[in-house]
Amino acid sequence: KAGVTQTPRYLIKTRGQQVTLSCSPISGHRSVSWYQQTPGQGLQFLFEYFSETQRNKGNFPGRFSGRQFSNSRSEMNVSTLELGDSALYLCASTPSVDRGMGGYTFGSGTRLTVV
Amino acid sequence: EDQVTQSPEALRLQEGESSSLNCSYTVSGLRGLFWYRQDPGKGPEFLFTLYSAGEEKEKERLKATLTKKESFLHITAPKPEDSATYLCAVQATGGSYIPTFGRGTSLIVHP
Numbered sequence: 002k003a004g005v006t007q008t009p010r011y012l013i014k015t016r017g018q019q020v021t022l023s024c025s026p027i028s029g030h031r032s033v034s035w036y037q038q039t040p041g042q043g044l045q046f047l048f049e050y051f052s053e054t055q056r057n058k059g060n061f062p063g064r065f066s067g068r069q070f071s072n073s074r075s076e077m078n079v080s081t082l083e084l085g086d087s088a089l090y091l092c093a094s095t096p097s098v099d100r101g102m103g104g105y106t107f108g109s110g111t112r113l114t115v116v
Numbered sequence: 774e775d776q777v778t779q780s781p782e783a784l785r786l787q788e789g790e791s792s793s794l795n796c797s798y799t800v801s802g803l804r805g806l807f808w809y810r811q812d813p814g815k816g817p818e819f820l821f822t823l824y825s826a827g828e829e830k831e832k833e834r835l836k837a838t839l840t841k842k843e844s845f846l847h848i849t850a851p852k853p854e855d856s857a858t859y860l861c862a863v864q865a866t867g868g869s870y871i872p873t874f875g876r877g878t879s880l881i882v883h884p
């Protein structure tokens, strides 16, 4: 059974640029969540998508956005990159029925470095 | 606001030296408490969900317990392959179902 797939694994971008990250959830999982992980702040929730609709949003500026497609694949976009956006971006999927109570399945993440 | 505090931040053990990791939490009402393991360069891997005080769950050398204010992850006779960062998260009743994560405990087990 394939896990959660995130691409690319590594990215180096320059301040001011934009970036798009991709996530393919486990087959049959309709809920996809995105997290930012940094050494200083730990895991911070970005947003959650279910059936192509944003169901929840964390406390991040509007430069961070996302979407979900009809096949449950999700993308997140960060515009006007800042140095502080350097982080590991993690995607997680869950079966919609349990709302995550059985645990999230995380991808290996995209390591974004902004220079 | 939900809060999760993990201690210690880092822990070094010798192989076979048992110990416990702590997760203290503050939520208006607990729907579930989760433990994850994260290896370097990878995403967190789900270990357990605990739902109510007094509950215990075990997996190999790991045993998680839950009280009304904290959870412990007991590691019995650890091996070097148990080295990882262990994350705790809580999901509160009402609201969004989004878990709040602690910052983790980095465990290193020396052979």
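Going line by line, the protein sequences match chains C and W. Just so you know, we're using our numbering here: the first sequence kicks off at 2 and counts up by one. Just so you know, we're using our numbering here: the second sequence kicks off at 774 and counts up by one. All C-beta atoms in this analysis are idealised placements derived from N, C-alpha and C, irrespective of residue type, glycine included. All figures in this text were calculated on a predicted structure; none of them were measured in a lab.
Can you pull the chain W neighbours of residue i, defined as C-beta to C-beta under 7 Å?
i: residue 105 of chain C; result: 819
i: residue 17 of chain C; result: Within 7 Å Cβ-Cβ: nothing; residue 17 of chain C doesn't reach chain W, min ~28 Å.
i: residue 1 of chain C; result: Chain C is shown only over 2 to 116; residue 1 of chain C falls outside these bounds and no answer can be derived.
i: residue 57 of chain C; result: 869, 871
i: residue 46 of chain C; result: 871
For a contact meaning CB atoms closer than 8 Å, what does residue i contact in chain W?
i: residue 65 of chain C; result: Within 8 Å Cβ-Cβ: nothing; residue 65 of chain C doesn't reach chain W, min ~15 Å.
List the residues that DSSP assigns as beta-bridge partners of residue i.
i: residue 91 of chain C; result: C:36
i: residue 57 of chain C; result: C:49
i: residue 882 of chain W; result: W:786
i: residue 76 of chain C; result: C:23, C:68
Is residue i helix, strand or coil when you go by DSSP?
i: residue 43 of chain C; result: strand
i: residue 84 of chain C; result: helix
i: residue 797 of chain W; result: strand
i: residue 780 of chain W; result: strand
i: residue 23 of chain C; result: strand
i: residue 792 of chain W; result: strand
i: residue 109 of chain C; result: coil
i: residue 66 of chain C; result: strand
i: residue 97 of chain C; result: helix
i: residue 7 of chain C; result: strand
i: residue 114 of chain C; result: strand
Check the Cβ of residue i against every Cβ in chain W and list those closer than 9 Å, keeping chain order.
i: residue 102 of chain C; result: 804, 805, 807, 822, 824, 864, 870
Could you give the C-beta distance for residue i and residue j, rounded to a whole number, given that I count them as a contact under 8 Å?
i: residue 111 of chain C; j: residue 90 of chain C; result: 5 Å
i: residue 843 of chain W; j: residue 837 of chain W; result: Not quite, the Cβ-Cβ distance comes to about 11 Å (not below 8 Å), so this is no contact.
i: residue 113 of chain C; j: residue 88 of chain C; result: 6 Å
i: residue 104 of chain C; j: residue 873 of chain W; result: The pair is not a contact, with the Cβ atoms about 15 Å apart (cut-off 8 Å).
i: residue 788 of chain W; j: residue 884 of chain W; result: 5 Å
i: residue 65 of chain C; j: residue 77 of chain C; result: 7 Å
i: residue 845 of chain W; j: residue 801 of chain W; result: Not confirmed; about 22 Å, so no contact.
Going along chain B in order, which residues have a C-beta closer than 7 Å to the C-beta of residue i?
i: residue 876 of chain W; result: The question asks about chain B, but that chain is absent: this structure's protein chains are C and W.
Mind pulling the chain C residues with CB within less than 7 Å of residue i?
i: residue 816 of chain W; result: 91, 107, 108, 109, 110
Quiz item: Where in the region 805 to 874 of chain W do unbroken runs of the beta strand (DSSP E), each at least 3 residues long, occur, reported from the N-terminal end onward?
Solution: Qualifying beta strand (DSSP E) stretches, in chain order: 818 to 823, 829 to 832, 835 to 839, 843 to 848, 857 to 865.
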